[in-house]
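Reading through the structure tokens given below for one structure.
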Amino acid sequence: FILGYVALSVVVPLLAMPAYADGAVTTIAVAGFPVDASLRELKNLCRSCDGFEMASPNVRPGKPPTLFVKFDSTENAAGAIAFLRTLIFDEEAPAPCFLKAEFAKKE
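Residue numbers (mature numbering (1 follows the signal peptide of the UniProt record, and there is no 0)): -23 to -1, 1 to 84.
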């Protein structure tokens, strides 16, 4: 991943990467956003991650949004999970919390 001028290298064990009967999962689910997160912020969050293909925010009125992000490979999805788990989305929030990222239950 490239973040500013810092390259991050992530090693993820193969056992942490799910595989299903119809193939490997390359979509991740990200939660932990504030209720007022904008669609633009959500859609652009993973654009610079290796293998990014598309982002689909799931926004419900009055509830924190969830973001589903598709990557070109399970390895790139795992790298994005590792990166996102270290990220605080809004450092100015009264109680900042880390994002929660995991492989989606289905493609």
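All C-beta atoms, glycine included, are put in the ideal place defined by N, C-alpha and C. The model shown is predicted, which means the values in this text are computed figures rather than measured ones.
Using only alpha-carbon positions, find the residue among F66, A54 and F75 that is nearest to T3.
To locate residue 3, count along the sequence shown from 1; it is residue 26. Taking only the C-alpha atoms, the option nearest T3 is A54.
If we require 4 or more residues per run, which alpha helix (DSSP H) segments fall completely within the stretch 7 to 40?
For the stretch 7 to 40, whole alpha helix (DSSP H) runs of length 4 or above, ordered along the chain, are 16 to 21.
How is A78 classed by DSSP in three states: helix, strand or coil?
Locating residue 78 in the sequence shown gives position 101, counting from the first residue. In this structure, A78 counts as strand in the three-state DSSP scheme.
How many angstroms separate the CA atom of D67 from the CA atom of F80?
Sequence index remark: in the sequence shown, residue 67 carries index 90 (1-based). Sequence index remark: in the sequence shown, residue 80 carries index 103 (1-based). Answer to the nearest angstrom: the Cα atoms are 22 Å apart.
Report the CB separation of I5 from I65 in whole angstroms; it is logged as a contact under 8 Å.
The sequence position of residue 5 within the sequence shown is 28, counting from 1. The sequence position of residue 65 within the sequence shown is 88, counting from 1. 18 Å between Cβ atoms; not a contact.
Should V7 and A78 be called a contact, given that it needs their Cβ atoms to be closer than 9 Å?
As a first step, residue 7 must be located in the sequence shown, where it is residue number 30. As a first step, residue 78 must be located in the sequence shown, where it is residue number 101. Contact: yes.
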